[in-house]
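Participant: Note that the UniProt record's numbering has the sequence shown beginning at 1, numbered continuously upward. Ideal Cβ placement from N, Cα and C applies to all residues, glycine included. Predicted model, so just to flag it, every value in this text is computed and none were measured.
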Amino acid sequence: MKMGELEQLTGVNRETIRVLIRKGLVPAPDKPKATVAHYSDEHVRAIRAVRNLQREHQVTLDEIGSMLRGDQLDKRVDSPAFHHLEDLVSAHFGEDDRTILLSTLLQSNPHAERDARGLAALGPMELIETEEGTAVSYTDASLVGIWARMRAAGFEESANFFPEVLDHYTKSADYLAYAEATRFIARTEGLIREEPAADMLKTGLPLMLDFFGLLRMKYLIRYITAESEGRLQDIEPPRLDRRGGADVPRTGGEARRRPKRA
């Protein structure tokens with residue numbers, strides 16, 4: 001396809017597209033002649049991935065370049081962003097090359113290989129052997145990066161924290177993802193077309209991550225408070241297979257009420 005069609009398909013003007021190519025974020029076009037440039041579906045995917053990272057996750061072009069190199073960003077990036085990043089990588093190199101070498105991660109994280117192998121042993125990530133060395137997907141590289149930030153905050157071996165302590169997260173995440181998938185399919189199959197259903201997931205998944213995070217914090221505060229008051233042992237441990245889930249956290253068994261304003 002020519003530049004005009006690429007602009008139409010992506011909604012991005014040619015000046016911006018050329019900037020993305022110069023920065024190495026979008027592959028260079030095939031140029032059979034000096035004045036002729038041919039673009040493909042890979043260019044469409046790459047441009048859309050960059051725009052999604054910018055608009056949905058407020059990641060700058062320079063930060064996208066850093067992420068592609070395996071560098072850790074100073075700011076937090078939501079997990080759905082890494083799916084866009086993998087789309088960007090696959091547009092550059094193809095489906096089989098959506099990975100980053102552990103040796104690249106080691107340049108900014110000296111514990112990357114050890115942590116990656118520890119996490120892989122738990123099951124949530126995969127180590128991929130390539131001719132250049134052991135590699136991981138960009139999403140899995142973000143898992144290693146998150147644990148590196150935890151380590152920097154004090155969650156390290158000297159304090160008896162190892163990647164293995166994440167076992168309960170991996171099991172809970174698997175349980176929750178299965179429940180989400182089966183319930184979503186049961187409620188939409190035959191009723192909602194594939195494209196609208198995909199749009200629902202695109203919007204709903206990040207919102208449910210926020211929803212889950214807030215609930216988790218409420219329950220965590222509940223248990224920490226109970227421990228400080230010497231009554232943690234009186235609380236029945238929650239079970240994932242119990243229908244209805246845990247009760248809403250309350251203080252002293254009673255609902256909290258805000259005082260009325262005078």
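Quick check: the Cα distance between Val36 and Glu126, rounded to an integer number of angstroms?
Facilitator: As a first step, residue 36 is located in the sequence shown; it is residue number 36 there, counting from the start. As a first step, residue 126 is located in the sequence shown; it is residue number 126 there, counting from the start. So the alpha carbons of these two residues sit roughly 42 angstroms apart.
Participant: Should the region 179-189 be regarded as contacting the region 148-168, the criterion being three or more beta carbon pairs within less than 8 angstroms?
Facilitator: Cβ pair count under 8 angstroms is below three, so no.
Participant: DSSP has Gly133 in a bridge; who is on the other side?
Facilitator: Sequence index remark: in the sequence shown, residue 133 carries index 133 (1-based). Gly133 pairs with Thr130.
Participant: Between Arg239, Leu122, Met1, which has its C-alpha nearest Ser40's C-alpha?
Facilitator: Numbered from 1 along the sequence shown, position 40 holds the residue referred to as residue 40. Closest option to Ser40, Cα to Cα, is Met1.
Participant: Nearest by alpha-carbon distance to Asp30: which of Asn52, Met3, Glu56 is it?
Facilitator: Here the question's residue 30 lines up with position 30 in the sequence shown. Nearest of Asn52, Met3, Glu56 to Asp30, Cα basis: Met3.
Participant: By Cβ distance, which residues of its chain are closer than 6 angstroms to Ala120, with the 5 residues on each side in sequence left out?
Facilitator: For the purposes of this step, residue 120 is taken as residue 120 along the sequence shown, with counting starting at 1. Leu127.
Participant: DSSP three-state call for His111: helix, strand or coil?
Facilitator: Numbered from its first residue, the sequence shown carries residue 111 at position 111. Reduced to three states, the DSSP call for His111 is coil.
Participant: Looking only at its chain, what residues have a beta carbon closer than 8 angstroms to the beta carbon of Asp234, apart from the 5 residues adjacent to it on each side?
Facilitator: Taking the first residue of the sequence shown as position 1, residue 234 is located at position 234. Shown here for Asp234: same chain residues with a beta carbon closer than 8 angstroms to its own, the five before and five after excluded, namely Ala226 in chain order.
Participant: Could you check if Met67 is buried or exposed, using at least 16 other CB atoms within 10 Å of its CB as the buried criterion?
Facilitator: By 1-based counting over the sequence shown, the position of residue 67 is 67. That one is buried.
Participant: Whole angstroms are fine: how far does the CA of Met217 sit from the CA of Met208?
Facilitator: Taking the first residue of the sequence shown as 1, we reach residue 208 at position 208. Taking the first residue of the sequence shown as 1, we reach residue 217 at position 217. Roughly 14 angstroms between the two C-alpha positions.
Participant: If you check the beta carbons only, do Leu53 and Val44 fall under 9 angstroms apart?
Facilitator: As a first step, residue 53 must be located in the sequence shown, where it is residue number 53. As a first step, residue 44 must be located in the sequence shown, where it is residue number 44. Going by C-beta atoms, Leu53 is not nearer than 9 angstroms to Val44.
Participant: Over what stretch of residues does the alpha helix (DSSP H) that includes Pro196 continue unbroken?
Facilitator: On the sequence shown, position 196 is the one that residue 196 refers to. Its alpha helix (DSSP H) spans residues 194-228.
Participant: Let me know the secondary structure DSSP gives Leu143 once reduced to three states.
Facilitator: As a first step, residue 143 is located in the sequence shown; it is residue number 143 there, counting from the start. DSSP places Leu143 in helix when its eight states are reduced to three.
Participant: Measuring straight from C-alpha to C-alpha, what distance separates Pro237 and Ala141?
Facilitator: As a working note, residue 237 is residue 237 in the sequence shown. As a working note, residue 141 is residue 141 in the sequence shown. Taking the straight line joining both Cα atoms gives about 33 angstroms.
Participant: Is it buried or exposed, Thr203, if we count other Cβ atoms within 10 angstroms and call 16 or more buried?
Facilitator: Position 203 of the sequence shown, counted from the first residue, corresponds to residue 203. Thr203 should be labelled exposed.
Participant: Kindly indicate the opening and closing residues of the alpha helix (DSSP H) around Asp167.
Facilitator: Translated into positions along the sequence shown, residue 167 becomes position 167. First-last of the alpha helix (DSSP H) with Asp167: 167-188.
Participant: Could you check what DSSP says for Thr99 in three-state terms: helix, strand or coil?
Facilitator: Locating residue 99 in the sequence shown gives position 99, where the first residue counts as 1. Correct three-state label for Thr99: strand.
Participant: With a CB to CB cut of under 7 angstroms and the five nearest residues on each side skipped, what residues in its chain are close to Gly123?
Facilitator: Stepping through the sequence shown from its first residue, residue 123 is reached at position 123. Here Gly123 has Thr170 as same chain residues with Cβ atoms under 7 angstroms from its own Cβ, once five neighbours each way along the sequence are excluded.
Participant: Please report the distance separating the alpha-carbon of Ala159 from that of Glu113.
Facilitator: For this step, residue 159 is matched to residue 159 along the sequence shown. For this step, residue 113 is matched to residue 113 along the sequence shown. So the alpha carbons of these two residues sit roughly 20 angstroms apart.
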